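Chemist: Residue numbers (this note's numbering), protein chains in the order written: chain A, 1 to 369; chain Y, 1 to 369; chain Z, 1 to 369; chain F, 1 to 369. Even glycine gets a Cβ: it sits at the ideal position worked out from N, Cα and C. No experiment lies behind these values; they were computed from the predicted model shown. This structure is in structure tokens; I'll ask about it shortly.
Right under this line is the structure:
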């Protein structure tokens, strides 16, 4: 371990690993510290939908940011494979946002104005997904909302960053960050290092460090449980989505049914209540889902923020402390754009002003005023 | 592997292992052949209730057999520990057969005439199990219906049998049994052996062999799925039982919620339907069960017979071919008594006539006539 | 389940699934019966090397067969993905057959005459794989010996076959095959079906059925244990091979270290001896392998034959009983060519005469004569 | 969660859980905060030897402390079972400290002066453990050094503490402790609570908090890897011990082979190097161990201190901050005595002065002076 790095990234989930990757691509001397293993916490429990349209009505700032990130994956999938030897499991097909009621339909109105979304009537949905529930009324189809396999994608970012010169340190948590001689002293379990920049990519686990560096914001855990299942048959072509639940077919033959949303639960265990809820939701979309076989269950803590948008930007008082936290349930989707944005802060490139304003760390104060 | 044994036992589930144990205790030269690993199929998916009263109204022949077997465990738990170093997880406490309706109550009438069963009113049940559903009306309490941990019990039988001189051979299936010079030729994956007696303890997996030896009976798989869960708290003192579902607290801190009953399904996968059913049943007994955390799921194939009773006895035409199959969901409970009964056939001791008649292999023919 | 199929395939490993796939492509009415789950036994424990050159000196009949099969995968990877939604994990890069001694080098002489093999000297090997052991002398590089992920490939064959109309039945073993009215009666756990053709693709588990149909040959289990490991770094670009051991980097970031060869062991457990041996072999190729982290261990039973070549062809006396067994450690590699060859027997296409003679089931008799 | 507790314990490993138990027994109002799950880190990776003599030559202070703790388990095993329904897996038999050389023998000299230790010659060792390596020279036998199953023991302490009124909170880490109005303010992920006493039972994970409260001492991780294996036979009656490695037979039929000692490694992964080392050590004690089958691997971080003794006592400047950390590889053994000692600090009972002096937190300063 060197004694000085230009940038230290704290946190080895997909956000931190993407940041390390984009910085290493620019030949920035970057080190990432992860207290456990790369991608093992929130990242590994994600479904991996790149749902730019699923999580947005297509009109807000986050949509342009999400679209930019979604498109970055088109290049990344080959780029990362070359550098890391790991396939990110990019699965084409797209998503069907299902409509079972007038309310469902109404909520899709803004989305259906987007050129990337297409309305499919009942017959068309049944033709594409013959196992769909018979009370289906139609669906919005978004071809671009594909999916990846989160843990492989995260590991691929980490190994690619390493291949480009980044230092990626696992089992080495940071417990304190303090100012020292115009730089930052980063205290890790294996010793102290100095850095010109420190990036916090801690997910929900960074609240303690946030307080140390004088940030008022707090990340709120929103636990998500999901089921990994399989079927003897090839049952789904598309990701299905309804009322914040989904079924994602992966290119390894597994299906992911997710996800609950339990506020302020810091555990990563899976309750019988959550399992029952997910089975009922899957059955409502695909009645024969009830016959699918369970492989395992998983849970992760999404990092929520007060307004649902991530914090990406500078510490209000420390220009070279950068925050990249609070991606809620869009961490996989937003990792590339976040990595690019943090890189731009560090290397001094122009950044989209709308994104800067929407994601700035001290926006709550601005709102109050 | 020797070329001749006095007795060959086919099948290394708990029935086969108990038989090998009781024979070895009598210094009979016995070899057991198991195609996979000891206790890994149906046995390991059992809950381990020694429910002599749970599975019977207390008036039939099977009840006296079950009681005899249940009591044998009182001695076995120490005996097996001494020989094998394995604790069978004998858990005292007993069972509550819950009453939520007049029908439930009515069904318990014969059981409550037994001196071993005691009626507990609503208040008493609540006092003993404070988390019970509020609509409880009462329960039959049977102190003697304790539980063991099935895989440990089975392994303990096998290692104890070995310690007493039995040959226990894993990963060595038998594919054919034929007559030879007044004895039996047993053809195994590792070669042929001869035996004076052959005991079939194959569970549901023996139908192919049954046909080879000219037995008309067929074992019917009745798949049972169950959940292994845990709670942060000490939630249950007693096994709870209602409408063929149960929650068994084990002495390793886990709880078993079981079990579905799916006829003619030969798979050992666990479906979402089964899981949902079990969660709903557990919740109906203990509303807060919904908060319990899942550890894993399991399934096993219970071997059913045409009348619900096991086949224990001689082949109708081959005096030294013995059958010990079809214990349905009572394999763990009935293993000791079955082991003793088969031993008695081999060594020529007297056997309870009622048991002989009830469990004889060709009883269907008798019934027809 | 219908009462009649044109072809019944027994066994749902990769050989059986490939056969079902190629038959279904020709619109043959085919049903596959698997006693457990698709691809869960020998197939899932394979490393997935498509080592046409690794397993051959490039001069024998099996080489042309293996090359044909290897090349089929180039088309299959997209074809299967389209039909099944499953990626087979096709990983380019190729293999390095390592040379640490003159003996090693000498053994590669015939292989290096092949146009597909290339000699790399010490420096070149070190350049391509910087972590290689310093006592390396060189390597034969075969670019075409790529790898796939066996369980995903097998499942992809099965689901693709299904999509083309095949019936794939899991948890339904066949216990007897007999002649009936010029056809075959196939007796399964779920009932009897008739077929014009029966294909035995049972791997090592078919010896019992072999005897039933009067085949003298016996498949010999050669157990292979392997380790699935990972490293924090991107450590290998190529599959490494030395003295029948190998390290295969997979495109999901895992490495497979294999494999032991234990004759006549029917168990699928992994012994401490096997693990120790594999760690020592890996260390001899890559000294820093000692730092890799273990994920899990696995074992499978390769089906060996008397001369090392598979049996692919007709039963000597039953023209419409076809055998496709005994692929030893090349099941994944040879699955496509075997599927095509069995298809050709059924639909009456021409078959390469060298392959027919080399793989015919009664070749041992011919040899003796 | 209440706003005030008399005592807050930080850390839900076996030390913290024992402390909560002993305090709850005295009706002290105690809350324990664990950031993850009870007993899941270092505790669950322990072998569970109660090796009072194994870890000591029988002459130092720690020996009397360890013996006291060992004897407490004799009572605890029933007491905890009554309260929690969990069996701690107390396994009698004792330990053999093996002698393969004169050096080995020499090192045992002080131990063999203890009345609890007995010398067994070569023949006697072979008689008791027939599988022992033939080059054995003898062994010290200590009957009292029995073993328990660590995770079950820890969970049993936690549930028993709960049953006696303690609040045990999982998934709720403490990130800061500060003084407030003569009491302590404990800041947890779920909010702040006040306490009259705070006990640090954090194992190696508490270094960050140590600094916050002004403690100079640092806990050093010494990672231990181990293997959980099984054998078809009943292979061992006694725990075997040689050169800091051991084989522990558990009463659930498993054997634990441990353990490596890797300094300053914060990861909990298991390396190929560690596995190889352990297999070689097991083989040196029991040559046929090489045939045992692996179940799984595990690793945990033992908390080391500068002098090898734990810190048990008062913060040098804060009388009501108590430390119970640094139990190295004796956490399971020392948990009861540590719980009793911390209880005595809180309730004001007399404490053995030798223990107080040996374990005091600021002893390094005294030494220096």
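Check the Cβ of residue 145 (chain F) against every Cβ in chain Y and list those closer than 9 angstroms, keeping chain order.
Modeler: If you number the fourth chain from 1, residue 145 (chain F) lands on position 145. Within chain Y, no residue comes near residue 145 (chain F); the closest Cβ sits about 16 angstroms away, beyond 9 angstroms.
Chemist: Any contact of the segment 75-94 of chain Y with the segment 1-12 of chain Z, i.e. 3+ C-beta pairs under 8 angstroms?
Modeler: Touching, no.
Chemist: For residue 166 (chain F), tell me which candidate among F:32, F:52, F:363, F:359 has the shortest Cα-Cα distance.
Modeler: The sequence position of residue 166 (chain F) within the fourth chain is 166, counting from 1. Minimum Cα distance to residue 166 (chain F) is reached at F:32.
Chemist: Starting from the beta carbon of residue 189 (chain A), find every residue of chain F whose beta carbon is closer than 7 angstroms, and list them in chain order.
Modeler: Here residue 189 (chain A) is taken as the residue at index 189 of the first chain, counted from 1. Within 7 angstroms Cβ-Cβ: 266.
Chemist: Which residues in chain A have a C-beta closer than 7 angstroms to the C-beta of residue 269 (chain Y)? List them in chain order.
Modeler: Locating residue 269 (chain Y) in the second chain gives position 269, counting from the first residue. Neighbours of residue 269 (chain Y) on chain A, chain order: 293.
Chemist: Going residue by residue through the segment 6-46 of chain Z, where are the continuous alpha helix (DSSP H) segments of at least 4 residues, counting only ones entirely within it?
Modeler: 14-25, all fully within the segment 6-46 of chain Z.
Chemist: Does the beta-carbon distance from residue 37 (chain F) to residue 89 (chain F) come in below 8 angstroms?
Modeler: On the fourth chain, residue 37 (chain F) is found 37 positions in, with the first residue counted as 1. On the fourth chain, residue 89 (chain F) is found 89 positions in, with the first residue counted as 1. No; because the gap between Cβ atoms is not below 8 angstroms, this pair is not in contact.
Chemist: Leaving out the 5 sequence neighbours to the left and right, which residues in its chain are closer than 8 angstroms to residue 18 (chain Y) when beta-carbon positions are compared?
Modeler: Residue numbering aside, residue 18 (chain Y) sits at position 18 when the second chain is read from its first letter. Cβ within range, chain order: 157, 335, 336, 338, 339.
Chemist: In whole angstroms, what is the alpha-carbon distance linking residue 245 (chain F) and residue 286 (chain Z)?
Modeler: For the purposes of this step, residue 245 (chain F) is taken as residue 245 along the fourth chain, with counting starting at 1. For the purposes of this step, residue 286 (chain Z) is taken as residue 286 along the third chain, with counting starting at 1. Straight-line Cα distance between these residues: approximately 27 angstroms.
Chemist: Can you give me the C-alpha to C-alpha distance between residue 35 (chain F) and residue 267 (chain A), rounded to a whole angstrom?
Modeler: The residue given as residue 35 (chain F) occupies position 35 in the fourth chain. The residue given as residue 267 (chain A) occupies position 267 in the first chain. In a straight line, the C-alpha of residue 35 (chain F) is about 9 angstroms away from that of residue 267 (chain A).
Chemist: Select from A:273, A:278, A:327 the residue whose C-alpha is nearest the C-alpha of residue 69 (chain A).
Modeler: One-based indexing of the first chain puts residue 69 (chain A) at position 69. Cα-wise, what sits closest to residue 69 (chain A) is A:327.
Chemist: Going straight from the alpha carbon of residue 274 (chain A) to that of residue 114 (chain F), what length do you get?
Modeler: Within the first chain, the letter at position 274 stands for residue 274 (chain A). Within the fourth chain, the letter at position 114 stands for residue 114 (chain F). If you take the alpha carbons of residue 274 (chain A) and residue 114 (chain F), they lie about 57 angstroms apart.
Chemist: Does any residue of chain F bring its CB to less than 8 angstroms from the CB of residue 232 (chain Y)?
Modeler: For the purposes of this step, residue 232 (chain Y) is identified with residue 232 of the second chain, where counting begins at 1. Taking Cβ atoms only, chain F reaches closer than 8 angstroms to residue 232 (chain Y), which makes this a yes.
Chemist: Excluding the five sequence neighbours on either side, which residues of its own chain have a C-beta within less than 8 angstroms of the C-beta of residue 351 (chain Y), listed in chain order?
Modeler: Here residue 351 (chain Y) corresponds to residue number 351 of the second chain, with the count starting at 1. Closer than 8 angstroms at the Cβ level, and outside the excluded window around residue 351 (chain Y), lie 341, 344, 345.
Chemist: If contacts are defined as beta-carbon pairs under 8 angstroms, then residue 204 (chain Z) and residue 301 (chain Z) qualify, I think. What distance do you get, rounded to the angstrom?
Modeler: Mapped onto the third chain, residue 204 (chain Z) falls at position 204. Mapped onto the third chain, residue 301 (chain Z) falls at position 301. Indeed, because the Cβ distance is near 5 angstroms, the residues count as touching under 8 angstroms.
Chemist: Please report whether the beta-carbon of residue 347 (chain Y) lies at a distance below 8 angstroms from any beta-carbon of chain A.
Modeler: Mapped onto the second chain, residue 347 (chain Y) falls at position 347. No, residue 347 (chain Y) does not count as interfacial toward chain A.
Chemist: Report yes if the CB atom of residue 235 (chain Z) is closer than 8 angstroms to the CB atom of residue 248 (chain Z), and no otherwise.
Modeler: Sequence index remark: in the third chain, residue 235 (chain Z) carries index 235 (1-based). Sequence index remark: in the third chain, residue 248 (chain Z) carries index 248 (1-based). Taking 8 angstroms as the Cβ cut-off, residue 235 (chain Z) and residue 248 (chain Z) do not qualify as a contacting pair.
Chemist: Kindly indicate which residue of A:349, A:42, A:325 has the alpha-carbon position closest to the one of residue 206 (chain A).
Modeler: Within the first chain, the letter at position 206 stands for residue 206 (chain A). Looking at the Cα atoms, A:325 is the closest of the given residues.
Chemist: Give the straight-line distance between the Cα atoms of residue 56 (chain A) and residue 107 (chain A), rounded to the nearest whole angstrom.
Modeler: Numbered from 1 along the first chain, position 56 holds the residue referred to as residue 56 (chain A). Numbered from 1 along the first chain, position 107 holds the residue referred to as residue 107 (chain A). Approximately 11 angstroms, taken between the alpha carbons.
Chemist: Taking the CB atoms as reference points, tell me whether residue 220 (chain Y) and residue 331 (chain Y) lie closer together than 8 angstroms.
Modeler: Here the question's residue 220 (chain Y) lines up with position 220 in the second chain. Here the question's residue 331 (chain Y) lines up with position 331 in the second chain. Not closer than 8 angstroms, so no.
Chemist: Should residue 1 (chain Z) be labelled buried (16 or more other beta-carbon atoms within 10 Å of its own) or exposed?
Modeler: Reading the third chain from its first residue, position 1 is the one you call residue 1 (chain Z). Counting Cβ neighbours within 10 Å, residue 1 (chain Z) comes out exposed, since fewer than 16 surround it.
Chemist: Which runs of the beta strand (DSSP E) fall wholly inside the segment 211-253 of chain A and span at least 3 residues, in chain order?
Modeler: Fully enclosed beta strand (DSSP E) runs of 3 or longer: 220-230, 239-242, 245-249.
Chemist: Whole angstroms are fine: how far does the CA of residue 260 (chain F) sit from the CA of residue 276 (chain Z)?
Modeler: Here residue 276 (chain Z) refers to the residue found at position 276 of the third chain. Here residue 260 (chain F) refers to the residue found at position 260 of the fourth chain. C-alpha separation (whole angstroms): 16 angstroms.
Chemist: Can the beta-carbon of residue 295 (chain F) be found less than 8 angstroms from the beta-carbon of residue 228 (chain F)?
Modeler: Position 295 of the fourth chain holds residue 295 (chain F). Position 228 of the fourth chain holds residue 228 (chain F). In this structure, residue 228 (chain F) lies closer than 8 angstroms to residue 295 (chain F) by Cβ.
Chemist: Is the CB-CB distance between residue 13 (chain Z) and residue 41 (chain Z) below 8 angstroms?
Modeler: Residue numbering aside, residue 13 (chain Z) sits at position 13 when the third chain is read from its first letter. Residue numbering aside, residue 41 (chain Z) sits at position 41 when the third chain is read from its first letter. A contact, by the Cβ cut-off of 8 angstroms.
Chemist: Comparing the C-beta of residue 281 (chain A) with each C-beta of chain Y, is any distance below 8 angstroms?
Modeler: The sequence position of residue 281 (chain A) within the first chain is 281, counting from 1. Not an interface residue.
Chemist: With 9 angstroms as the limit, tell me which residues of the segment 160-182 of chain Y have their beta carbon closer than that to any beta carbon of chain Z; keep them in chain order.
Modeler: Hits within the stretch, in order: 170, 171, 172, 173, 175, 176.
Chemist: If you draw a straight line from the C-alpha of residue 369 (chain A) to the C-alpha of residue 161 (chain A), how long is it?
Modeler: On the first chain, position 369 is the one that residue 369 (chain A) refers to. On the first chain, position 161 is the one that residue 161 (chain A) refers to. With a pLDDT of 47 at residue 369 (chain A), under the threshold of 50, the modelled position of that residue is not reliable, and no figure is offered here.
Chemist: Are residue 354 (chain Z) and residue 116 (chain Z) closer than 8 angstroms when you measure CB to CB?
Modeler: In the third chain, the residue the question calls residue 354 (chain Z) occupies position 354. In the third chain, the residue the question calls residue 116 (chain Z) occupies position 116. Contact: no.
Chemist: Shorter than 8 angstroms from the beta carbon of residue 355 (chain F) to some beta carbon of chain Y?
Modeler: Here residue 355 (chain F) is taken as the residue at index 355 of the fourth chain, counted from 1. No, its Cβ sits nowhere closer than 8 angstroms to a Cβ of chain Y.
Chemist: In chain order, what residues of the same chain have a beta carbon less than 6 angstroms from the beta carbon of residue 93 (chain A), not counting five sequence neighbours either side?
Modeler: As a working mapping, residue 93 (chain A) is identified with position 93 in the first chain. For residue 93 (chain A), where only same-chain residues beyond five positions count, the Cβ hits under 6 angstroms are 237, 238.
Chemist: With H, G and I counted as helix, E and B as strand and the rest as coil, what does DSSP make of residue 119 (chain Z)?
Modeler: Position 119 of the third chain holds residue 119 (chain Z). Residue 119 (chain Z) falls in the strand class under three-state DSSP.
Chemist: Using a C-beta to C-beta distance shorter than 7 angstroms, which residues of chain F count as neighbours of residue 224 (chain A)?
Modeler: Here residue 224 (chain A) refers to the residue found at position 224 of the first chain. Per Cβ cutoff of 7 angstroms: no residues; residue 224 (chain A) is ~15 angstroms from chain F at best.
Chemist: Is the beta carbon of residue 321 (chain A) sitting closer than 8 angstroms to the one on residue 359 (chain A)?
Modeler: On the first chain, position 321 is the one that residue 321 (chain A) refers to. On the first chain, position 359 is the one that residue 359 (chain A) refers to. Contact: no.
Chemist: Identify every residue that forms a DSSP beta bridge with residue 194 (chain Z).
Modeler: Reading the third chain from its first residue, position 194 is the one you call residue 194 (chain Z). Answer is Z:4, Z:185.
Chemist: Measure the Cβ-Cβ separation of residue 140 (chain A) and residue 111 (chain A) and say whether it is below 8 angstroms.
Modeler: If you number the first chain from 1, residue 140 (chain A) lands on position 140. If you number the first chain from 1, residue 111 (chain A) lands on position 111. It is a contact, given that the beta carbons lie within the stated cut-off.
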